[in-house]
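Peer 1: Protein chains in written order, with numbering that gives the first Met the number 0: chain L, 0 to 231; chain X, 0 to 231. The structure's right below; bear with me while I get my questions together.
Number of protein chains: 2
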Amino acid sequence: MSNPTIRINPRQEQIIRLVRSQGYVSNEDMAQQFDVAVQTIRRDIGFLAEQGLLTRHHGGATPNSTIENIAYNERQILNLKAKDAIGHCAASLIPDRSSLFINIGTTTEAFARSLGGHRDLRVVTNNLHVASLISGRPDFRTVIAAGELRPKDGAILGAAAIETLDSFRTEFGVIGISGIADDGTLLDFDLNEIQCARTIIRNSRRVLLLADHTKFSRQPMGRVGGLADLMI
Amino acid sequence: MSNPTIRINPRQEQIIRLVRSQGYVSNEDMAQQFDVAVQTIRRDIGFLAEQGLLTRHHGGATPNSTIENIAYNERQILNLKAKDAIGHCAASLIPDRSSLFINIGTTTEAFARSLGGHRDLRVVTNNLHVASLISGRPDFRTVIAAGELRPKDGAILGAAAIETLDSFRTEFGVIGISGIADDGTLLDFDLNEIQCARTIIRNSRRVLLLADHTKFSRQPMGRVGGLADLMI
DNA sequence: GACAACACGAACAAAAACGCGCAATCACGA
DNA sequence: TCGTGATTGCGCGTTTTTGTTCGTGTTGTC
């Protein structure tokens, strides 16, 4: 029948906890910490990875925060370094205990990843990956918008999403953009995205627009607004 | 059914207390502490584990955290094999091109993981992890419910979520449950969860209830419905 | 592109833990 | 006092876990 006693021993449980809290731990470190041979740790890691509880690497293991891995591995992220830097910089502008919208886009996801040091934020987002990234934070209050998912980037768009976004007012709106025209006009490809961005801008006291240099060379056709709309 | 005299001797009671306070205690330590042979401790541990009062391991025992206290990460690994098997089995009942609700719970997540071979499903869910799992599928149409995220398990609950769920009718409702009473009554801990489950049941042509054997030994207090509510 | 250092898996051996059967002990009432 | 049944301790063969060795594979550097 089904085995009643699950085959996970205390050490393996500790390993999961350790890896999840540290991000990356080497086999050597774990062997030392638990006072067992490296080979034993390897066996544990192998077993846990087989169960899908963490990810194996040469020399150690990392947690299996599903979405982050999907984000990095399966999706092409251009200018990762620049986006991380932008996200980090933007995050430093957000004080603890603030409320904020986070819109769709890979740059806003980088921003969300940089919120690790913040506390007690209240976040409203229509970005599935952002929601996943911060979903484990017990001190955050995270609201996700309703609606249909767009597979390619985890965006939640449409009338229902706008309705959700429209029922909140926040101190910050963090949005990305597809393109910026020479005159400062903000541009996007998709009407739904544009409407969501507008809703966020309308309901935020301040707006942080995250964009790297590539946005200046693109010229989508939809108009989100002018830079003037972002002024405080 | 409930046996009137369960024989738990003082030593066994002490063992439970000790394990609960220490986290992990080796059989050797306990044998020394109670001044009995290791064999006797083994018997005690075996008996107590059988009663579900603690968890047995090679060389010792750990406490059996109560359901509410089990963190999501740990819950995820409970009965992983059984949950995968259940999920796989349930997935085989779903034809391509169906529409379905997927509720919160680790078993429903296992189910979602088993949908890899399906095509063109339309899914409505209030489970962030489920949404993430299937978000990359370009042939699926995925709708996520609105509302506040519960960090411990990625559940989206509340009035907004119910409103989203209530605006769809599907062929299948896939739900988990916290406990099943002997008379078939479905039980849950949280009022919000119960309301979501009821909404899903109401709006589904057929309901698939995913539960492993551990659900029969738990007795939460909220009533979701009877097994009769699930009949086709 | 080659080499050194490190990490890995497989196989084997040692150690620890386990279960079972049986005998000794204890509790308790006839 | 004796018998009965439950509990405990011990011996021993079996299973599980852990450590070690060694040939192979991977990584990083020059």
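Backbone N, C-alpha and C define an ideal beta-carbon position, used for all residues, glycine too.
1) Buried or exposed, going by whether 16 or more other CB atoms sit within 10 Å of the CB of X:Q38?
2) Is the Cβ of X:I155 closer than 8 Å to any Cβ of chain L?
3) Which residues in chain X sit within 8 Å of L:A130, going by Cβ to Cβ distance?
4) Decide if L:Q194 is buried, meaning its Cβ has at least 16 other Cβ atoms within 10 Å, or exposed.
5) Can you tell me whether DSSP reads X:L176 as helix, strand or coil?
6) Go ahead and pull the three-state DSSP assignment for X:F171.
7) Please state the DSSP three-state secondary structure of X:A89.
8) Using alpha carbons as the reference points, say which of L:G153, L:R118, L:L156 lies closest to L:F139.
9) Distance check for X:I40 and L:I133, CA to CA, integer angstroms please.
10) Which two residues bound the contiguous beta strand (DSSP E) that contains X:G146?
11) Alpha carbon to alpha carbon, how far is X:F46 from X:I15?
12) Going by other Cβ atoms of all chains shown within 10 Å of its Cβ, with 16 needed for buried, is X:H212 buried or exposed?
13) With a Cβ-Cβ cutoff of 8 Å, do X:I85 and X:V129 count as a contact?
14) For X:R121, collect the residues of the same chain with a Cβ closer than 6 Å to its Cβ; drop the 5 residues on either side in sequence, then sort them by chain order.
15) Going by C-alpha to C-alpha distance, which of L:C88, L:V142, L:R136 sits closest to L:A109?
16) Only counting the same chain, and skipping five residues up and downstream in sequence, which positions put a Cβ closer than 7 Å to that of X:A111?
17) Which residues of chain L have a Cβ atom closer than 8 Å to the Cβ of X:T163, listed in chain order?
18) Taking only beta-carbon positions, decide if L:V142 is within less than 8 Å of chain X.
19) Identify the contact partners of X:P137 in chain L, using a Cβ-Cβ distance below 7 Å as the criterion.
20) Whose C-alpha, out of X:R168, X:L207, X:S25, is nearest the C-alpha of X:R201?
21) Return helix, strand or coil for L:T124, following the three-state DSSP convention.
22) With 16 as the cutoff for other CB atoms within 10 Å, does X:S177 come out buried or exposed?
23) CB-CB under 8 Å to X:V18, same chain, minus the five flanking residues each way: which ones, in chain order?
24) To which residues of the same chain is L:A36 closer than 7 Å at the C-beta, ignoring the five residues directly before and after it?
25) Have a look at X:G151 and X:T105 and give me their C-alpha separation to the nearest angstrom.
26) I need the straight-line Cα distance from L:G116 to L:S91, nearest angstrom please.
27) Is DSSP giving L:D83 helix, strand or coil here?
28) So is X:A144 buried or exposed if we call it buried at 16+ other beta carbons inside 10 Å?
29) Cβ of X:H87 less than 8 Å from any chain L Cβ?
30) Quick one: which chain X residues come within Cβ less than 7 Å of L:N102?
31) Contact defined as beta carbons within less than 8 Å: I believe L:N125 pairs with L:I155. What is the distance between those atoms, to the nearest angstrom?
32) Going by C-alpha to C-alpha distance, which of X:A158, X:Q21, X:I199, X:T184 sits closest to X:E170?
33) Suppose only complete runs of 4+ residues qualify. What are the alpha helix (DSSP H) ranges in the segment 30-69 of chain X, listed by chain order?
34) Below 8 Å on C-beta distance, what does X:H117 contact in chain L?
35) Report the neighbours of L:N8 on chain X: residues whose CB is nearer than 8 Å to its CB, in chain order.
36) Identify the contact partners of X:T61 in chain L, using a Cβ-Cβ distance below 7 Å as the criterion.
Peer 2: Looking at the coordinates:
1) exposed
2) yes
3) L127, L148
4) buried
5) The question names Leu, but residue 176 of chain X in the sequence shown is Ile. Coil at X:I176, not helix or strand.
6) strand
7) helix
8) L:R118
9) 44 Å
10) 146-149
11) 11 Å
12) exposed
13) no
14) S98, R140
15) L:C88
16) I101, V129, L132, I133
17) A145, A159
18) yes
19) P150
20) X:R168
21) strand
22) buried
23) V24, L53, A60, T61, P62
24) A30
25) The sequence shown places Lys at residue 151 of chain X, not Gly. X:K151 and X:T105: Cα-Cα distance of roughly 12 Å.
26) 10 Å
27) helix
28) buried
29) no
30) Neighbours of L:N102 on chain X: none; closest Cβ ~16 Å, over 7 Å.
31) 4 Å
32) X:I199
33) 37-49
34) Residues of chain L passing the Cβ test: none, with the nearest at roughly 14 Å.
35) H56, H57
36) P9
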